[in-house]
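Each remark here refers to the structure printed beneath this line.
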Amino acid sequence: MPKKKTRALRCPTCRTIVLAGDPEFPFCSERCRLIDLGKWASGGYVISTPITDPEQLENMAEEQAKKNPNDNDEDAQ
Ligand SMILES: [Zn+2]
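Just so you know, we're using my numbering here: the sequence shown kicks off at 156 and counts up by one.
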């Protein structure tokens with residue numbers, strides 16, 4: 156008889172133990188799932204700030220061109 160290990164995780168939102176069979180796994184409830192999604196949507200992770208100044212964009216493009224004269228070195232290693 157194989158030993159069945161109960162898989163469980165803690166809800167990322169409220170730290171309640173959630174079993175793997177739960178329909179909302181790894182969250183304990185739909186509410187916690189939505190709260191976690193809301194964290195992502197509300198800017199918890201800021202990736203970049205859009206630059207709207209055309210002069211600054213031009214300067215950045217020049218800097219990039221200086222650093223990477225050949226911009227096609229994918230999988231160089
Ligand atoms: Zn929860």
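Where a beta carbon is used, it is the ideal one built from N, C-alpha and C, also for glycine.
Because the structure is a prediction, the values reported are computed rather than measured.
Beta-carbon proximity check, residue i vs residue j, cutoff 8 Å
i      : j      : result
ARG188 : GLU179 : yes
Reference residue i, options the options, closest by Cα
i      : options                : result
LEU174 : LYS222, GLN219, ARG162 : ARG162
Three-state class that DSSP yields for residue i in the structure shown
i      : result
ARG188 : helix
ALA196 : helix
ALA216 : helix
Same chain, Cβ closer than 8 Å to residue i, five either side skipped, listed in chain order
i      : result
PHE182 : CYS166, PRO167, THR168, VAL173, ARG188, ASP191
Own chain partners of residue i with C-beta closer than 7 Å, once the 5 adjacent residues on each side are dropped
i      : result
GLU185 : GLU179
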